[in-house]
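Structure, as structure tokens:
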């Protein structure tokens, strides 16, 4: 990435402006495959906290460089040597270093943040780190230099150990620990803050190359918004008016249709901070879930005739069956009752006849 390349170039003590210019072009950071139903609302998420716009009212303290030193022995301690803000204010954290250790007052103009140490002592030995902080752009870069002190002039040398520069200097001499970074973000400031940030959405229809993509919308941090294409397309595709205050540049597509299929691109540009990102979305539209076939309905005249034809069938077919099923059990009950009454009558007659014979 451009950030990693810059760090390597800086630690090698030289800059690569042409290569960095090539790397500053839009870089794709994410790609998504998105599918949705026809007629639905689709939101293509494009969010970046680094694009949140706030006017830099205290711009002098938005950039700061500070040098730290780590002693491996005897106490393995880390201490702050000095720091300086972009306005030129410089602070020294040890009174012993006053007038002996310094930074260039023009550091934030010429990009030279090197640390100058006069009358080097054995206590100056250690691992130094040059830390650049850009609070407005949320950038942090570090360059490390190892300083060793010798009493022999023949042992003086400078070399690269694969991770950092190593300086072996003569006791009592003056040394300049290098920290060079001439990127515009550290050395320049544009008064046109609102034009430094812009977001735009593009769309490539299926089969259309990237260089012929259609521009959908441009949105600037100043509040200006430009929409392209037919009016109906502008109304169905939009970005929130609060995009730069929230860092949410998502594109909302209402009433999604098969003609909306294609490759959508969200481009984020922060020219001052060197941010150039691109997120792509391959959008596929699926058929709607709405039923396409409705149950068949007869004509009103046919409904009336059918009702008249079916009504007699219900009366003549079902009711006789119900009457038959009702009379059959009733016949069984009456027959049983008559048979029982006949038996009881015979028993009564037999008993009376025997009683009469006994009286005689």
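Numbering (mature numbering (1 follows the signal peptide of the UniProt record, and there is no 0)), first residue to last: -21 to -1, 1 to 339.
C-beta atoms are modelled at their ideal positions from N, C-alpha and C, and glycine is treated no differently.
Quick caveat: nothing in here was measured; it's all calculated off a predicted structure.
Distance CB(residue 62)-CB(residue 79) smaller than 9 Å: No, the Cβ-Cβ distance between residue 62 and residue 79 is not below 9 Å.
Alpha carbon of residue 113 to alpha carbon of residue 253, nearest angstrom: Between the alpha carbons of residue 113 and residue 253 lies a gap of roughly 12 Å.
Any idea what DSSP makes of residue 61, helix, strand or coil? Strand, per DSSP.
Whole-angstrom distance between residue 338 and residue 310, CA atom to CA atom: When only Cα atoms are considered, residue 310 and residue 338 end up about 43 Å apart.
Could you name the residues that DSSP lists as bridge partners for residue 255? As DSSP reads the structure, residue 255 sits in a beta bridge with 248.
For residue 120, which of helix, strand or coil comes out of DSSP? Secondary structure at residue 120: strand, using DSSP grouped into helix, strand and coil.
Which residue marks the beginning of the alpha helix (DSSP H) containing residue 165, and which one marks its end? Looking at the DSSP string, the run of the alpha helix (DSSP H) that includes residue 165 is 163 to 166.
DSSP-derived helix/strand/coil call for residue 202: Residue 202 carries a coil assignment under DSSP once its states are collapsed to helix, strand and coil.
With H, G and I counted as helix, E and B as strand and the rest as coil, what does DSSP make of residue 82? DSSP, read as helix, strand or coil, puts residue 82 in coil.
If you count every other CB in all the chains shown that lies within 10 Å of the CB of residue 139, and 16 or more means buried, which is it? Here residue 139 is exposed: its Cβ has fewer than 16 other Cβ atoms, across all protein chains shown, within 10 Å.
Beta-bridge partners of residue 311, as assigned by DSSP: According to DSSP, residue 311 bridges with nothing at all.
According to DSSP, what are the bridge partners of residue 265? Looking at the DSSP assignment, residue 265 forms a beta bridge with 16.
Cβ neighbour criterion (16 or more within 10 Å) applied to residue 325: With fewer than 16 other beta carbons inside 10 angstroms of its own, residue 325 counts as exposed.
For the alpha helix (DSSP H) holding residue 222, just list the boundary residues, first then last. Residue 222: member of the alpha helix (DSSP H) spanning 222 to 225, first to last residue.
Per DSSP, what are the beta-bridge partners of residue 7 in this structure? 257, per the DSSP bridge assignment.
Where do the N-terminal and C-terminal ends of the alpha helix (DSSP H) with residue 214 fall, by residue? Residues 210 to 215.
Can you name the residues that DSSP bridges to residue 327? In DSSP, residue 327 forms no bridge with anything.
Leaving out five residues on either side along the sequence, give the residues of the same chain with a beta carbon under 6 Å from the beta carbon of residue 73. None.
What distance in whole Å lies between the Cβ atoms of residue 241 and residue 157, which are believed to be in contact at a cut-off of 8 Å? Rounded to whole angstroms, the Cβ separation of residue 157 and residue 241 is 50 Å, and the two are not in contact under 8 Å.
Between residue 223 and residue 207, what straight-line distance do the alpha-carbon atoms span, to the nearest angstrom? Going from the Cα of residue 223 to the Cα of residue 207 covers about 20 Å.
Can you tell me the Cα-Cα spacing of residue 117 and residue 149, whole angstroms? Going by C-alpha positions, residue 117 is about 39 Å away from residue 149.
Which same chain residues, not among the five before or five after residue 153, have their C-beta less than 8 Å away from its C-beta? 95, 96, 97, 98 and 99.
Outcome for residue 334 when other beta-carbon atoms lying within 10 angstroms are tallied against a minimum of 16: Under this definition residue 334 is an exposed residue.
Closest by C-alpha distance to residue 232, when choosing among 216, 247, 66 and 244: For the residues 216, 247, 66 and 244, the minimum Cα distance to residue 232 belongs to 216.
Residue 189 burial status per 10 Å Cβ neighbour count (16 or more: buried): It is exposed - the Cβ of residue 189 has fewer than 16 other Cβ atoms within 10 Å.
For the structure I just gave you, are there three or more beta carbon pairs, one from the segment 42 to 55 and one from the segment 104 to 113, closer than 8 Å? The way I'd put it, the segment 42 to 55 does touch the segment 104 to 113; three or more beta-carbon pairs between them come closer than 8 Å.
Here's a check: name, in chain order, each residue in its chain whose Cβ is nearer than 8 Å to the Cβ of residue 134, leaving out the five neighbours to either side. Excluding positions up to five away in sequence, the list reads 147.
Leaving out five residues on either side along the sequence, give the residues of the same chain with a beta carbon under 6 Å from the beta carbon of residue 144. So the list reads 124, once near-sequence residues are dropped.
Between residue 213 and the rest of its own chain, which residues show a CB-CB distance below 6 Å, the 5 nearest in sequence each way excluded? If we look at residue 213 and ignore the five residues flanking it on each side, its Cβ neighbours are 206.
Sub-9 Å separation of residue 244 and residue 191 beta-carbons: Cβ distance not < 9 Å, so residue 244 and residue 191 don't count as in contact.
To the nearest angstrom, how far is the alpha carbon of residue 218 from that of residue 26? Approximately 12 Å, taken between the alpha carbons.
When the distance is taken between beta carbons, is residue 15 closer than 9 Å to residue 258? Not in contact: residue 258 and residue 15 (Cβ atoms no closer than 9 Å).
Are residue 164 and residue 93 close, meaning C-beta to C-beta below 9 Å? No, the Cβ-Cβ distance between residue 164 and residue 93 is not below 9 Å.
Reduced DSSP secondary structure (H/G/I, E/B, other) of residue 26: For residue 26, the three-state secondary structure derived from DSSP is strand.
I need the DSSP call for residue 53, collapsed to helix, strand or coil. DSSP places residue 53 in the coil class of the three-state scheme, outside both helix and strand.
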